[in-house]
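Those protein sequence lines, which keep their order, are chains H and G. Numbering-wise (our numbering), the first sequence opens with residue 1349 and increments by one. Numbering-wise (our numbering), the second sequence opens with residue 45 and increments by one. Note sheet for the following structure.
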Amino acid sequence: MSAPEPAPVVLTTSDGGRLEFTCAPGASVLEAAAEAGAALPASCHQGTCGSCHASVTDGRYELGTHSALALPEDERERGDVLLCRTFPCGPLTAALPYEQSRILYGGIPVREAVITALEPVAQDTVRLELRLDGDADCQFDPGQFMELQAPGSEVKRAYSLANTGNWEGRLEFYVRLREGGRFSTHLAHRARPGDRLTVHGPQGAFGLHETGLRPRWFVAGGTGLAPLLAMVRRMAEWQDPQPARLFLGVNEPKDVFGVRELAAVAEELPGFRYDVCVWKPSGGWSGPTGTPADRFAAALPELAGTAPDVYVCGPPPLVDAVLRAALQGGVPQEQVHRERFLAG
Amino acid sequence: MFCYQCEQTDRTGTTPGCAGLIGNCGKDSTTSDLQDLLVHAVKGIAQYAAEARALGAPDDDAAAFVLSAMFTTLTNVNFNPTRFAALIQEAVAVRDRVRAGYERAARVAGHEPKALTGPAVWAPGANPAELARQAQDVRVDTGLALVGPDVVGLRSLHLYALKGICAYAHHAHVLGRQSAEVYAGVEDALAHLAGGPADAADLLERAVGLGRLNLAAIELLDHANTGTYGAQQPTAVRTTPVAGKAILVSGHDLRDLEALLEQTKDQGINVYTHGEMLPAHAYPLLKAHPHLAGNYGGAWQDQQREFAAFPGPILMTSNCIIEPHVSYRRRIFTAGPVGWPGVRHLTGRDFTPVVQAAKALPGFPESPAEERFITVGFGRDAVLSVADQVVDAVRRGAIRHFFLVGGCDGPTPGRDYYTDFALGAPRDSVVLTLGCAKYRFNGHDFGEIDGIPRLLDLGQCNDTYSAIRIATALADAFECGIDDLPLTLALAWTEQKAVAVLLTLLALGIRDIHLGPSLPGFLTPALVDGLVERFGLRVTGDAGADLAAALERTAS
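The structure is reproduced here in structure tokens:
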């Protein structure tokens, strides 16, 4: 039986690195390490490939079912294990047959960046472009965010990245300026190109899911466009084959932004369609009106029963409305990927 | 999913095969099912293509598509279900084009087109659920209850050998070489499989025929490689790093390597080979690039550790990719048939993101004080240029025996056999090697016999062609058959190219091959018995005992 109490586990890498964490009852050492923020090399996760081979140096444990080819009997008898099938019965120490560079440790990167562009793109909305200082390694997944921090301030605000991962240190954001917001005030009144900011990240789990050729539909409210723009830009860059469609909604015509960027994506991504609607149209607006949730709901029947993967980002009421519309339109809830943003 | 195409296959059940949510290679069931459907669709292309080619109206573009599509389904090549969903659609479009071409050709020839059935008229499901249902009908073990395990095993042997042949022919095609003989052979064999053949004796004979077809494919590839980059030359390859920015290139595609070398010229970036790319250093037109700096790491199964430690981007040009660890997932790139979900795939040999990544990443901070080298490049031309010297050494008794020790390496237990075998070979023997299994012993100093290196690295697994040419030349010199030479083969296998190579060796009449670390899971006990009886095929056992037995067989 595995331990009824959480068991302390110590793993040692071949180059002397130590990894300590607690293994919850019923969890394998591999799962517990991941829970503790350390992804150990592994492949099949079911005891048949041998990729998570290790040697227990102290402690009792239970070995789950596994292939004798992955862990031959003589190795098992001398204390070798497959970490995906190892359940501690108490304190456990084990030696890993690889260096610590194979383990991805947690911790949010903190780096300095320089403002390279700060320009209004709509009413109370600016486009902010940064370049990492002395570091061109700027890899992140579309949908992730960074926390931005002004010099001398403790305040950090999270903004979704609107561009794609790159090796030039480029970061792009769309920021809705909020009256009285401390970071907004800094951007609106003090920040200038050439100034520095501290960036924390990338962070966040929002992102594209690989589900085959299922259509990808995106619904954005206001600056909720940023992570979705990153996603469709990534699709264009990688020439993903899924049919893609994006619905952007803003309150008033003077809030409209991102159209040039969406048009650029449409140039590069075959079959990509987008439309921009305004909730409270005024003179001069001849485009669609309403909310992007309405536009999304009205368009769903065009897919004739094929439920798309839906990615939605915006204020909570919009996200909820899109989810309702999706469910009513026959889209399973697990296909609706949501990121709500809240005023900071 | 059901898959038993590689050596790693799950053998914990009553019959071998990966049938869970994830195969032992890391392939998930969705991807595996889609691969089965792609193969099914490709059989449909082949059905019409074979008919059209017989009428003198071949569609070589379709044949090239068949090669690349089949290549994507080899072990450790492509794990991206989206890519397979798209390939299935493309395959059906290609099939419909080939059908139209066939029907035109038939009418021009004055008769009504045949009404083909099976994959020829298959329509892919409209959504993932329908595709998953369809996949159940096209598994490699379909018809088991009807035709029995031996026929299913033989069909699988055909399919997997064909995958290997397609991979080799694809590499040749990339370098501008194609062969109507190979195209026709692949189309005919796939069309034959589409008909659900059930005659075991006929299937076995045809399998030997596929061995001959593969010989044509690896000959084509040999000519493509040497014709494009020159004949391999013995070359010392640095295995220690050089200070500076770095890119690592793995896989087998020399054309991708060449393109990358061109795109990194004068940029202050060193390019390193990995795994099966090592032999690239021996080709004159590739080694002429001064920034082809050396080889880094070893065989494919060690890539998670080696790639994590490499201080630059990695380009995978063909198999063998395994799940990219998060520590390097954003700096590994795929090209050609390779794919992994969430890993950047580059097309058109535009490696700009790789070059950008190399500049952004730290590279090697320093060169170690002591440089190390290994020597590669003993392809057929290099060895045959000293054939007289070799023949003389054999006649004088200075060389008692030749061993060909190589093939694919892998993570499963039992592969120390090849290390023990190579290192245990007597001092008056020569060890020829190829494939990535060589990494188990190629750092060892084997010494020389009368100036002839005792370890001769022939190249990639496809350079079995070199081994065959060398063996043929020796047999001619001694006026005997290849099987009469003092030559023993100890081969490691992992995936389907090795299946094709094995059939080639059997087709050439080479007996008593030691194959390991286990025999293919798709060969039933009855089929194994047949191969043992007819070809003397044996599974690797104890290296010392096998060496002794090999020497005794030759001496007797």
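No residue lacks a Cβ here, since even glycine has one placed at the ideal position from N, Cα and C. Keep in mind the model is a prediction, meaning the values are calculated, not measured.
Exercise. Of all the beta strand (DSSP E) runs that stay within the bounds of the region 410-486 of chain G, which reach a length of 3 or more residues?
Worked result: If we require 3 residues or more, the beta strand (DSSP E) runs fully inside the region 410-486 of chain G come out as 417-420, 445-451, 473-478.
For this session: Please confirm whether residue 1484 (chain H) and residue 403 (chain G) have their CB atoms less than 8 Å apart.
Result: yes
Exercise. How would you label residue 1520 (chain H), buried or exposed, when you count the other beta carbons within 10 angstroms and need 16 or more for buried?
Worked result: buried
Exercise. Is the beta carbon of residue 1574 (chain H) less than 8 Å from the beta carbon of residue 1617 (chain H)?
Worked result: no
Problem set entry | Partners in chain G for residue 1558 (chain H), counting only beta-carbon separations shorter than 8 Å | The contacting residues are 124, 125, 126, 385, 386.
For this session: Give the C-beta separation of residue 370 (chain G) and residue 378 (chain G) to the nearest angstrom, bearing in mind that I take them to be a contact with Cβ-Cβ under 8 Å.
Result: Contact doesn't hold; Cβ gap of about 16 Å is too wide.
Exercise. Residue 1548 (chain H) bridges to which residues according to DSSP?
Worked result: H:1458, H:1495
Problem set entry | Neighbour list for residue 1446 (chain H) in chain G, Cβ cutoff strictly below 7 Å | Result: 349.
Exercise. Do residue 382 (chain G) and residue 366 (chain G) come within 8 Å of each other at the CB atom, strictly closer than that value?
Worked result: no
Exercise. Does any residue of chain G bring its CB to less than 8 Å from the CB of residue 1417 (chain H)?
Worked result: yes
Exercise. Beta-carbon of residue 342 (chain G) versus every beta-carbon of chain H: anything under 8 Å?
Worked result: no
Exercise. Using 8 Å as the limit for Cβ to Cβ distance, is residue 1691 (chain H) near chain G?
Worked result: Confidence is the limiting factor: at residue 1691 (chain H) the pLDDT is only 43, short of 50, which leaves the residue's position unreliable, though a coordinate-based value still follows. By this cut-off, residue 1691 (chain H) is not an interface position.
Exercise. Taking the alpha carbon of residue 477 (chain G) as the point to measure from, which residue in G:490, G:487, G:501, G:460 has its own alpha carbon closest?
Worked result: G:501
For this session: Please decide whether residue 585 (chain G) counts as near chain H, where near means a Cβ-Cβ distance under 8 Å.
Result: It does not: the Cβ of residue 585 (chain G) has no partner Cβ on chain H nearer than 8 Å.
Problem set entry | Residues bridged to residue 1511 (chain H) (per DSSP) | Residue 1511 (chain H) is not bridged to any residue.
Exercise. Could you give the residue range of the beta strand (DSSP E) that holds residue 289 (chain G)?
Worked result: Its beta strand (DSSP E) spans residues 289-294.
For this session: Report the option in H:1413, H:1663, H:1564 whose CA atom is closest to the CA atom of residue 1619 (chain H).
Result: If we check each option's Cα against that of residue 1619 (chain H), H:1564 comes out closest.
Problem set entry | Segment contact flag, the region 1590-1601 of chain H with the region 1534-1544 of chain H, C-beta cutoff 8 Å, min 3 pairs | no
Exercise. If you check the beta carbons only, do residue 559 (chain G) and residue 535 (chain G) fall under 8 Å apart?
Worked result: yes
Exercise. At a Cβ threshold of 8 Å, is residue 1513 (chain H) touching chain G?
Worked result: yes
Exercise. Going by the CB atoms, is the gap between residue 1572 (chain H) and residue 1601 (chain H) shorter than 8 Å?
Worked result: no
For this session: State the CB to CB distance for the pair residue 481 (chain G) and residue 453 (chain G), rounded to an integer number of angstroms; the pair is presumed to be in contact (CB under 8 Å).
Result: 5 Å
Exercise. If we count Cβ pairs, one from each stretch, closer than 8 Å, do we get three or more for the region 525-540 of chain G versus the region 442-451 of chain G?
Worked result: yes
For this session: On a CA-only basis, which of G:561, G:210, G:520 is nearest residue 610 (chain G)? Give me that one, please.
Result: The question about residue 610 (chain G) has no answer here: the residues shown for chain G are numbered 45 through 600.
For this session: Give a yes or no on whether the C-beta atoms belonging to residue 82 (chain G) and residue 131 (chain G) are separated by under 8 Å.
Result: Their beta carbons are under 8 Å apart, which means residue 82 (chain G) touches residue 131 (chain G) by this criterion.
Exercise. Which partner residues of residue 602 (chain G) appear in the DSSP bridge assignment?
Worked result: Chain G is shown only over 45 to 600; residue 602 (chain G) falls outside these bounds and no answer can be derived.
Exercise. Which whole-angstrom value describes the C-beta separation of residue 526 (chain G) and residue 544 (chain G), a residue pair presumed to lie in contact below a C-beta threshold of 8 Å?
Worked result: 18 Å between Cβ atoms; not a contact.
For this session: Name, please, each residue of chain G whose Cβ falls closer than 8 Å to the Cβ of residue 1516 (chain H).
Result: 400, 404
Problem set entry | Burial state of residue 294 (chain G) (16 or more Cβ within 10 Å) | buried
Exercise. Between residue 529 (chain G) and residue 518 (chain G), what straight-line distance do the alpha-carbon atoms span, to the nearest angstrom?
Worked result: 8 Å
Exercise. From the DSSP output, which residues share a beta bridge with residue 316 (chain G)?
Worked result: G:292, G:338
Problem set entry | C-alpha distance - residue 59 (chain G) paired with residue 184 (chain G), whole-angstrom precision | 14 Å
For this session: Measure how close the beta-carbons of residue 1655 (chain H) and residue 1636 (chain H) come, nearest whole angstrom, since I'm counting them as under 8 Å.
Result: Residue 1655 (chain H) to residue 1636 (chain H), Cβ: 23 Å. No contact.
For this session: Taking 8 Å as the threshold, find out whether the region 485-495 of chain G comes into contact with the region 389-408 of chain G through three or more Cβ pairs.
Result: no
For this session: Under 8 Å between beta-carbons, which chain G residues line up against residue 1654 (chain H)? List them in chain order, please.
Result: 170, 171
Exercise. Using 8 Å as the Cβ pair cut-off and three pairs as the minimum, do the region 1461-1469 of chain H and the region 1380-1392 of chain H touch?
Worked result: No, they do not touch.
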